[in-house]
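Taking it in order: structure first as structure tokens, then the write-up.
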Amino acid sequence: MMRALRILALAFVWLALGSISDACAESQGESKPPLPDGRILAGRTTITLPDTSTYSPLERQVLALERARSAAIAKGDTVWLATLYAPDFSGIAAFGLRIDRSDLFKVFGRDDPERRFTIDELAVRDYGGSVLVTGRLQTLGGTASPCRGAPGISTCM
Amino acid sequence: MPGGTRYLHVYVKRADRWWLVRAQATQIMTKN
Chain L
1 MMRALRILAL
11 AFVWLALGSI
21 SDACAESQGE
31 SKPPLPDGRI
41 LAGRTTITLP
51 DTSTYSPLER
61 QVLALERARS
71 AAIAKGDTVW
81 LATLYAPDFS
91 GIAAFGLRID
101 RSDLFKVFGR
111 DDPERRFTID
121 ELAVRDYGGS
131 VLVTGRLQTL
141 GGTASPCRGA
151 PGISTCM
Chain G
1001 MPGGTRYLHV
1011 YVKRADRWWL
1021 VRAQATQIMT
1031 KN
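Line by line, the protein sequences are chains L and G. The first sequence begins at 1 in this note's numbering and counts up one residue at a time. The second sequence begins at 1001 in this note's numbering and counts up one residue at a time.
See below:
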């Protein structure tokens, strides 16, 4: 009986450590193994990675940040997101709405957890002093809006 | 499936770390 309990306890600890390890890896931008088709899953977003064979280490670093960003949005991890989105962040949403960091985080908080996203056409370019990322975001399932956030106040960014 | 959006993110390095400072998204209205 005691031996069975000990085995159960060890199994519980092993499972718990595995979950913590996964969570830590994702929060640091490390990727889970690729899906069978070569894409990767970051939170609720399936990402088609670009060909990085010509990328500089700096461009790869920013690409890893973009992957971690998707995972953090899915988890609602605004603590980590606040280390990525600058305090003076400024954005223009798809329908022309200007949005700052605090507004954006509120929108992320209202995101429909049933929604899944895909990102493709991803490209990272270092222009010396600044790095530009371009991509295409699409929504699968959940509410009809093509963007993240609550319908009507979505951000698409 | 909706066409989705295309987006641009601008990162700059400040105090030895990268920050996302600007973003702009455009809704895709065509099949391209």
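For every residue, glycine included, the Cβ atom is placed at its ideal position computed from N, Cα and C.
Rounded separation between residue i and residue j - CA only
{"i": "W80(L)", "j": "A72(L)", "result": "7 angstroms"}
{"i": "D112(L)", "j": "I99(L)", "result": "19 angstroms"}
{"i": "R116(L)", "j": "T78(L)", "result": "19 angstroms"}
{"i": "T83(L)", "j": "L137(L)", "result": "22 angstroms"}
{"i": "G91(L)", "j": "R101(L)", "result": "8 angstroms"}
{"i": "I1028(G)", "j": "A1015(G)", "result": "36 angstroms"}
{"i": "R1017(G)", "j": "V107(L)", "result": "25 angstroms"}
{"i": "L63(L)", "j": "V124(L)", "result": "7 angstroms"}
{"i": "A86(L)", "j": "H1009(G)", "result": "12 angstroms"}
{"i": "L97(L)", "j": "G128(L)", "result": "29 angstroms"}
{"i": "T1005(G)", "j": "A94(L)", "result": "7 angstroms"}
{"i": "R39(L)", "j": "T52(L)", "result": "13 angstroms"}
{"i": "S70(L)", "j": "T1026(G)", "result": "18 angstroms"}
{"i": "L41(L)", "j": "E114(L)", "result": "15 angstroms"}
{"i": "D37(L)", "j": "T54(L)", "result": "22 angstroms"}
{"i": "P34(L)", "j": "R60(L)", "result": "17 angstroms"}
{"i": "S130(L)", "j": "K1031(G)", "result": "31 angstroms"}
Collapsed DSSP secondary structure at residue i in the structure displayed
{"i": "D126(L)", "result": "strand"}
{"i": "S21(L)", "result": "Below a pLDDT of 50, predicted positions are generally treated as unreliable, and S21(L), at 33, falls in that range; no measurement from the model is reported."}
{"i": "L140(L)", "result": "strand"}
{"i": "L49(L)", "result": "coil"}
{"i": "I1028(G)", "result": "coil"}
{"i": "E114(L)", "result": "coil"}
{"i": "S70(L)", "result": "helix"}
{"i": "P36(L)", "result": "coil"}
{"i": "S56(L)", "result": "coil"}
{"i": "A42(L)", "result": "strand"}
{"i": "D88(L)", "result": "strand"}
{"i": "D77(L)", "result": "coil"}
Rounded Cβ spacing between residue i and residue j (contact assumed at less than 8 angstroms)
{"i": "T48(L)", "j": "L140(L)", "result": "Incorrect: roughly 14 angstroms between the Cβ atoms, too far for contact."}
{"i": "G109(L)", "j": "A74(L)", "result": "No, G109(L) and A74(L) are not in contact; Cβ-Cβ is about 12 angstroms, not under 8 angstroms."}
{"i": "D126(L)", "j": "V1021(G)", "result": "The pair is not a contact, with the Cβ atoms about 15 angstroms apart (cut-off 8 angstroms)."}
{"i": "T118(L)", "j": "T45(L)", "result": "7 angstroms"}
When the options are compared against residue i, the one with the closest alpha-carbon
{"i": "L58(L)", "options": "Q1024(G), T1005(G), Y1011(G) and V1021(G)", "result": "Y1011(G)"}
{"i": "Y1007(G)", "options": "T1030(G), A1023(G) and K1031(G)", "result": "A1023(G)"}
{"i": "L65(L)", "options": "T1005(G), G1003(G), W1019(G) and G1004(G)", "result": "W1019(G)"}
{"i": "G76(L)", "options": "Q61(L), L104(L) and T54(L)", "result": "L104(L)"}
Name, going along the chain, the residues of the segment 1001-1022 of chain G whose beta-carbon falls closer than 8 angstroms to a beta-carbon of chain A.
In the structure shown, chain A does not exist; the protein chains are L and G.
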